[in-house]
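Protein chains in written order, with my numbering: chain A, 153 to 212; chain B, 14 to 482.
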C-alpha cells in the first residue's frame, strides 16, 4: 500500500486541480447542437427531443 | 473496606480455602502467601530479625524479616499480630526444611515443629527420604497449599501485568501450566514425567519474555521472532520453509509500516489538497453574470373561449437577455433558483444556449416545498431554492431558455454566476485520500485480533450461546 499511495494521492490531487479549474458536477445535462434562432422570439416552440420529460410530485 | 494488600507488590490479596477449611491469603501477582498466626500449625520463630520495609496486610505494622525456625528460609513476621509472610516458593522450601507436610492446621501453632535430625544420627532426613515417599509428600503439600495451576486462579487474565526490560514494556500474553507427559532427548537439567511449571509470556513484538516458575527456581528467557526464511537459512536447510499458519505471539505486524507511511503521505496529501483549493478559489472569478425574476402564471396565454389550446403552447417560457462568460478557459457555471412555492411544486426546464454556436446544454430542476402540522407537530419537506452547477462551460455569449411547469402559480428568481468554486470538491478529494487509511487500519487490526485470539486477552469475544435468534 505504501508504494501505491503516492500515485493515488497524486491522481486525486490532479483531479482536484482539474475540478477547481474547469468544474465538476454530477448534474445530468445534455448538450444539443443547432438550436434554432427563432427560439428567442417563441421560446415555447422549442423543446429538446433528446430529453425524457418527467417530473415527480412530492409532499403529503 | 478494601482488601488487604500484598506486602511484596501491593496487589490485592485473594483468600483461598484449603482442604481442611482454613483460609489463607495469597498474592495473585507475585504468589506470596500470608498466614495469620491462628492458621499456623507450627511455631515459626525468626532468627536475627530486622525491618524488611514491608507492611503487615492486617494492621499495617512494619514486618520483620529473618530466617525461620533455624532454617535458611527467610520469612517476614508481623510483630503485632504475629502473622507470617512467605514469598513465592518459600512455603515449599520451608516445608522441606522442616520436614512437615503442612504449615497450617486448626487450632493454630500448638506444637513445636518436629526436630531436625542432628548431625551424625541415623534416621532419614526429610531431604534424603526415598523418592516415592518424597514425591508423595510433595503431592500432599501441593494439595494443601493454594494451587496456582487452576483455571479459576489465572489472575493475569484480570490484571494483565506488564514487564519492563531494556526500555521496553512487555504486555502479558498468556499464562499456562505445562506438565511434562513425555520426555525424549538430552537436556542440560533433570527432566522427568510429571514435572510441572507455571509459564508466563510477555510480548513486545518482535521480542518476547517468558517466565518459568517451578518449585525450585524461577527462570526468565528473552527471545526475538524470526521469519521462517531466517530459521531455514540459519540451519542451512535446502528448499523453502512451509507456509506459516496463524499468527505468532511476537510476530511483527506487517501492516504497521504501511500505516505509518500512509499516515505521513495522507497528511501531506490532505494538506496539499487544502492548499490547492485555497489557491484556485482565490483566483476564481466568482462573477455574477445574470439575475432576473419571472412568474409562472396559470392564466398567462389562456386561449379564447371555445378555442382548444395549442399542444406546443408554453406561455410561461422565457428567454433571458444575453450575458458574457468571459475568460481564457472553460469553467463552471452556478445557476441558483429561488421560488415562493407553497405546498406545491415547480418544474423548470433549462437550456443554456451559446448565442455564437447555437449549442444548448439542457437540464431540468424540480423545486417543491410542503409543510403542515400533524398532531400538534409541524413538519416540512423540500426546499424553496435550488442550486445547480454546470462544468466545463466554454467562454462566450449565452442566454437561458426557461420553460416552467407548475402545480399552482409561482414566481421564481434565477441568478447565474460564472467560475464559481465548490468546497464539495475539497471534501470529495479528502475522502478519496482517506480511503486507504481505513483499508490499512482494517488490515492492521485484523492482524492484531488474530494475534491475541489465542491469548488470555482476546480482542473479540465469541458468544457460546446456542440459542442465538
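Glycine is no exception: its CB is placed at the ideal position from the N, C-alpha and C atoms.
This structure is a prediction, so every number in the text was calculated from the model and none was measured.
Pairwise C-alpha distance: residue 428 of chain B and residue 301 of chain B: Counted from its first residue, the second chain places residue 301 of chain B at position 288. Counted from its first residue, the second chain places residue 428 of chain B at position 415. Their Cα atoms are separated by approximately 7 Å.
Cα-Cα separation, residue 350 of chain B to residue 432 of chain B: Residue mapping note: residue 350 of chain B aligns to position 337 of the second chain, counting from 1. Residue mapping note: residue 432 of chain B aligns to position 419 of the second chain, counting from 1. Whole-angstrom Cα-Cα distance: 17 Å.
4 or more residues per run - each alpha helix (DSSP H) lying fully within the region 222-257 of chain B: Taking only runs of at least 4 residues, the alpha helix (DSSP H) segments lying wholly in the region 222-257 of chain B are 241-247.
Per-residue contacts from residue 176 of chain A into chain E (C-beta, under 7 Å): Although the question refers to chain E, the structure presented lacks it and instead comprises the protein chains A and B.
Residue interval of the alpha helix (DSSP H) (run including residue 98 of chain B): Residue 98 of chain B sits at position 85 when you count from the first residue of the second chain. Counting along the chain, residue 98 of chain B falls outside any alpha helix (DSSP H), though it belongs to the beta strand (DSSP E) covering 97-99.
Whole-angstrom distance between residue 41 of chain B and residue 76 of chain B, CA atom to CA atom: Reading the second chain from its first residue, position 63 is the one you call residue 76 of chain B. Reading the second chain from its first residue, position 28 is the one you call residue 41 of chain B. Distance between the alpha carbons of residue 76 of chain B and residue 41 of chain B: 20 Å.
Sub-7 Å separation of residue 352 of chain B and residue 425 of chain B beta-carbons: Within the second chain, numbered from 1, the residue matching residue 352 of chain B stands at position 339. Within the second chain, numbered from 1, the residue matching residue 425 of chain B stands at position 412. In this structure, residue 352 of chain B lies near residue 425 of chain B, with their beta-carbon atoms less than 7 Å apart.
Under 8 Å by beta carbon: chain A residues contacting residue 458 of chain B: Counting from 1 along the second chain, the entry for residue 458 of chain B is found at position 445. Simply none; closest approach about 14 Å.
Cβ neighbour criterion (16 or more within 10 Å) applied to residue 30 of chain B: Here the question's residue 30 of chain B lines up with position 17 in the second chain. Exposed.
Residue-chain proximity (residue 227 of chain B, chain A), Cβ-Cβ < 7 Å: Counting from 1 along the second chain, the entry for residue 227 of chain B is found at position 214. Answer no: the Cβ-Cβ gap between residue 227 of chain B and chain A never drops below 7 Å.
Among B:106, B:229, B:54, B:280, nearest to residue 96 of chain B - alpha-carbon criterion: Working through the second chain from its first residue, we reach residue 96 of chain B at position 83. Checked all of B:106, B:229, B:54, B:280; the closest Cα to residue 96 of chain B is B:54.
Exposure label - residue 384 of chain B; buried when at least 16 CB within 10 Å: Within the second chain, the letter at position 371 stands for residue 384 of chain B. Taking all protein chains in view, the Cβ of residue 384 of chain B is surrounded by fewer than 16 other Cβ atoms within 10 Å, so the residue is classified as exposed.
Beta-carbon proximity of residue 188 of chain B to residue 208 of chain B, cut-off 7 Å: Position 175 of the second chain holds residue 188 of chain B. Position 195 of the second chain holds residue 208 of chain B. Taking 7 Å as the cut-off, the Cβ atoms of residue 188 of chain B and residue 208 of chain B do not count as close.
Closer than 9 Å at the beta carbon, the chain A residues around residue 343 of chain B: Here residue 343 of chain B refers to the residue found at position 330 of the second chain. Residues of chain A passing the Cβ test: 173, 174, 175.
Reduced DSSP secondary structure (H/G/I, E/B, other) of residue 281 of chain B: By one-based count along the second chain, residue 281 of chain B stands at place 268. In this structure, residue 281 of chain B counts as helix in the three-state DSSP scheme.
Given residue 47 of chain B as reference, the closest of B:101, B:444, B:86, B:56 once Cα atoms are compared: In the second chain, counting from the first residue as 1, residue 47 of chain B sits at position 34. Residue 47 of chain B has its Cα closest to that of B:101, out of B:101, B:444, B:86, B:56.
CB contact below 7 Å: residue 309 of chain B versus chain A: Counting from 1 along the second chain, the entry for residue 309 of chain B is found at position 296. At a cut-off of 7 Å, the C-beta of residue 309 of chain B has no neighbouring C-beta in chain A.
Limits of the unbroken alpha helix (DSSP H) element including residue 169 of chain B: Sequence index remark: in the second chain, residue 169 of chain B carries index 156 (1-based). In the DSSP assignment, residue 169 of chain B falls within the unbroken alpha helix (DSSP H) covering 168-172.
Residue 214 of chain B vs residue 223 of chain B beta-carbon contact at 7 Å: The sequence position of residue 214 of chain B within the second chain is 201, counting from 1. The sequence position of residue 223 of chain B within the second chain is 210, counting from 1. Contact check for residue 214 of chain B against residue 223 of chain B passes: the beta carbons are separated by less than 7 Å.
Whole-Å CB distance - residue 168 of chain A paired with residue 217 of chain B, under 8 Å assumed: To locate residue 168 of chain A, count along the first chain from 1; it is residue 16. To locate residue 217 of chain B, count along the second chain from 1; it is residue 204. Contact flag wrong, Cβ pair sits at about 41 Å.
Nearest neighbour of residue 237 of chain B, chosen from B:225, B:421, B:220, B:379 [CA to CA]: Locating residue 237 of chain B in the second chain gives position 224, counting from the first residue. Ranking B:225, B:421, B:220, B:379 by Cα distance to residue 237 of chain B puts B:220 first.
Where the beta strand (DSSP E) through residue 211 of chain B begins and ends: One-based indexing of the second chain puts residue 211 of chain B at position 198. Residue range 211-217 is occupied by the beta strand (DSSP E) that includes residue 211 of chain B.
Minimum Cβ-Cβ distance from residue 419 of chain B to chain A less than 7 Å: Start at 1 with the first residue of the second chain, and residue 419 of chain B comes out as number 406. No, because no Cβ of chain A sits closer than 7 Å to the Cβ of residue 419 of chain B.
Residue 307 of chain B versus B:284, B:286, B:332, B:227, residue with shortest Cα-Cα distance: Counting from 1 along the second chain, the entry for residue 307 of chain B is found at position 294. Relative to residue 307 of chain B, the option among B:284, B:286, B:332, B:227 whose CA is nearest is B:332.
Local Cβ density within 10 Å of residue 205 of chain B, reported as buried at 16 or more and exposed below that: Taking the first residue of the second chain as 1, we reach residue 205 of chain B at position 192. Burial call: exposed.
Any C-beta of chain A under 7 Å from that of residue 274 of chain B: On the second chain, residue 274 of chain B is found 261 positions in, with the first residue counted as 1. Closer than 7 Å: yes.
Contact with chain A by residue 271 of chain B, beta-carbon distance below 7 Å: Sequence index remark: in the second chain, residue 271 of chain B carries index 258 (1-based). Residue 271 of chain B belongs to the set of residues whose beta carbon lies under 7 Å from a beta carbon in chain A.
Contacts of residue 312 of chain B in chain A (Cβ-Cβ under 7 Å): The residue labelled residue 312 of chain B in the question sits at position 299 within the second chain. By Cβ distance, chain A contributes nothing, its closest Cβ being about 16 Å from residue 312 of chain B, past 7 Å.
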